[in-house]
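Residue numbers (the working numbering): 42 to 263. For reference, the structure discussed in these notes is given below.
Rendered as structure tokens:
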């Protein structure tokens with residue numbers, strides 16, 4: 042996976058490769074192998090942990106760009122570029138969105154929940170800010186006492202819905218392949234899925250494989 046060449050593990054390129062389906066096109070099963078390493082909470086697969094006792098790549102629920110600090114930067118490892126800030130082990134909400142897509146693809150549902158909970162903690166404190174500093178624990182502008190909304194943060198709820206229902210859009214079709222956790226037996230979306238002029242309110246009952254599909258209460262063949 043490339044981490045042996047340096048003293049850090051690069052998260053973004055790896056979870057992007059899984060979320061976009063590139064990893065399994067290169068080698069079937071590679072996506073699951075990558076995500077097993079990235080979601081390891083014991084610190085044995087990626088031993089460099091940002092916060093002792095917490096998962097290396099998501100110590101506060103939000104995925105970091107890397108663990109441990111980059112060892113090949115041209116700039117000094119200080120200030121904005123010190124480990125845990127900006128692109129050197131900080132957190133970016135757009136990365137969370139693709140991270141969640143990779144988690145859904147490999148059925149790591151509990152870790153998906155952590156990212157959404159991390160965003161809701163922000164909302165409860167009166168801000169939706171990206172990027173985050175201190176390994177994803179605090180807004181970068183906290184010292185300026187600035188409250189606001191960054192559009193990047195909407196990647197997280199968008200990924201929650203898109204991944205949960207397994208939505209794949211194209212000009213000709215909308216594919217729905219639900220990724221509903223086994224402990225949920227009933228689920229209904231209050232927000233519509235938008236595809237062209239269509240507004241679809243999705244719901245699911247039961248668990249396991251899909252056995253029946255209905256549209257507006259009428260069973261759909263196939």
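Note that the Cβ used here is the ideal one computed from N, Cα and C, for glycine as well. Owing to the predicted nature of the structure, the values given are computational and were not obtained by experimental measurement.
Asked: What's the call for residue 253, buried or exposed, on a 16-neighbour Cβ count within 10 Å?; Found: exposed
Asked: Express the C-alpha separation of residue 251 and residue 87 in angstroms, rounding to a whole number.; Found: 36 Å
Asked: Give me the Cβ distance between residue 135 and residue 193, rounded to the nearest whole Å; I'm assuming they're in contact under 8 Å.; Found: 5 Å
Asked: Would the region 159 to 171 and the region 88 to 97 be scored as touching if the rule is three or more Cβ pairs under 8 Å?; Found: no
Asked: Candidates 230, 176, 120, 133: which alpha carbon is nearest residue 101's?; Found: 176
Asked: Starting from residue 206, follow the beta strand (DSSP E) in both directions and report where the run begins and ends.; Found: From DSSP, residue 206 is part of no beta strand (DSSP E) but of the alpha helix (DSSP H) over 196 to 206.
Asked: Between the alpha carbons of residue 224 and residue 126, how many angstroms are there, rounded?; Found: 36 Å
Asked: Quick one: give me the first and last residue of the beta strand (DSSP E) that residue 245 is part of.; Found: 244 to 246
Asked: Suppose the cutoff is 7 Å on Cβ atoms and the five residues either side in sequence are ignored; what does the same chain contact list for residue 73 look like?; Found: 147
Asked: Using the three-state DSSP reduction, which class does residue 151 fall into: helix, strand or coil?; Found: helix
Asked: Do residue 235 and residue 204 come within 8 Å of each other at the CB atom, strictly closer than that value?; Found: no
Asked: Can you find the residues in the same chain that come closer than 8 Å, C-beta to C-beta, to residue 114, ignoring five residues on each side of it along the sequence?; Found: 122, 129
Asked: Taking 8 Å as the cut-off, decide whether the C-beta atoms of residue 133 and residue 172 are in contact.; Found: yes
Asked: Within a Cβ cutoff of 8 Å, which residues of the same chain sit near residue 116, ignoring the five residues on either side of it in sequence?; Found: 122
Asked: Can you tell me the Cα-Cα spacing of residue 230 and residue 220, whole angstroms?; Found: 14 Å
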